[in-house]
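As numbered in the working numbering, residues 2 to 189 make up the sequence shown, in order.
All C-beta atoms in this analysis are idealised placements derived from N, C-alpha and C, irrespective of residue type, glycine included.
As the structure is a prediction and not an experimental result, all values here were calculated from the model.
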Amino acid sequence: MAHSIFMALQAAAQVIETAPVNAPLALLILLVAALAWFGLRAFVRGLRAGKTHAAVRGNFHEFAREALINAAKLDGRVDTRERDAIVTALAEIGLALDATALESAFVQAGLGKEELIAYLRARSGTFSREQKVWLLKALLAVFVADGRFDESEHAALVDYTAAIGFDRQKAPEMLRDLSRQFLRGNIT
């Protein structure tokens, strides 16, 4: 689809160059291509959100477990400290996992970051502010548990922050505040 849109844009540019009289046609082609792109993007997000909804059945605790497990896997390494951070974070919201249950959850986890973020973007209105802030703090705790905070983890945290509905421009400052709280020991 992206290739088709690109081809339509090239065709529109050629129409404008060869015959200025056809400029309205070129603008129409550009408009249709842009609408097709946004429609496709919304459709794909809907599919991703639907897959996540089917997996977590609308349950915040299940979503949180999937998001935290995905966060641990994001950098390609899963450290025992990340596992411990997941268990600790989930215990805060009343979801107790022993080692066997956590391992089973890791094996069964099949959702990717894009699917989780699409679901969060679509359903963030159903979560309380406390749940949203808890999720960001828990994600941060998992991301830094192994002693590293990779660029992919930072980008994911910004994406989650934006999907929750917090201002994407203000997200870096909010994350810095969370990081300072974490370093002071206010977030465990």
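request  = Indicate whether Glu67 and Thr89 have their beta-carbon atoms separated by less than 9 Å.
outcome  = Going by C-beta atoms, Glu67 is not nearer than 9 Å to Thr89.
Lys171, DSSP secondary structure in three states = Coil at Lys171, not helix or strand.
query = Rounded to the nearest angstrom, how far is the Cβ of Gly166 from that of Ser129, given a contact under 8 Å?
reply = Contact doesn't hold; Cβ gap of about 12 Å is too wide.
ask   = In the region 30–97, which residue ranges form an unbroken alpha helix (DSSP H) of at least 4 residues, counting only runs that do not cross its ends?
value = Complete alpha helix (DSSP H) runs here, min 4: 61–74, 81–93.
task = Mark Arg42 as exposed unless 16 or more other C-beta atoms lie within 10 angstroms of its C-beta, in which case mark it buried.
result = By the neighbour-count criterion, in which 16 or more other beta carbons inside 10 Å mark a residue as buried, Arg42 falls on the exposed side.
Delimiting residues of the alpha helix (DSSP H) encompassing Ala110 = Element bounds for Ala110: n/a, residue is neither H nor E.
Pick from Ile70, Ala92, Gln11 that is closest to Ala27, judged by C-alpha positions = Taking only the C-alpha atoms, the option nearest Ala27 is Gln11.
ask   = Considering only C-alpha positions, which residue in the set Ala24, Gln132, Gly148, Glu154 is nearest to Ile94?
value = Measuring C-alpha to C-alpha distances from Ile94 to each of Ala24, Gln132, Gly148, Glu154 identifies Gln132 as the nearest.
query = Count the other CB atoms within 10 Å of the CB of Thr1; is the residue buried (16 or more) or exposed (fewer)?
reply = The question about residue 1 has no answer, for the chain in this structure spans 2 to 189.
request  = Tell me whether Ser153 sits in a helix, a strand or coil according to DSSP, three-state version.
outcome  = Residue state for Ser153 is assigned as helix, using DSSP reduced to three classes.
ask   = On the three-pair Cβ rule with 8 Å, is the region 105–119 touching the region 136–144?
value = Contact between the region 105–119 and the region 136–144 is absent, because fewer than three Cβ pairs lie under 8 Å.
message = If contacts are defined as beta-carbon pairs under 8 Å, then Asp147 and Asp80 qualify, I think. What distance do you get, rounded to the angstrom?
response = About 4 Å separates the Cβ atoms of Asp147 and Asp80, confirming a contact at the 8 Å cut-off.
task = Closer than 8 Å by C-beta to Arg185: which residues in its own chain qualify, once you throw out the five before and the five after it? Chain order, please.
result = Counting only Cβ-Cβ distances below 8 Å, and skipping sequence neighbours, we find nothing.
C-alpha distance - Lys74 paired with Pro25, whole-angstrom precision = If I take the Cα positions, the gap works out to 50 Å.
request  = Determine the direct distance from the alpha carbon of Thr162 to that of Arg149, and round the result to whole angstroms.
outcome  = Per the coordinates, the alpha-carbon of Arg149 lies some 20 Å from the alpha-carbon of Thr162.
key: Beta-carbon gap between Glu63 and Val143 smaller than 9 Å   = Contact check for Glu63 against Val143 fails: the beta carbons are separated by 9 Å or more.
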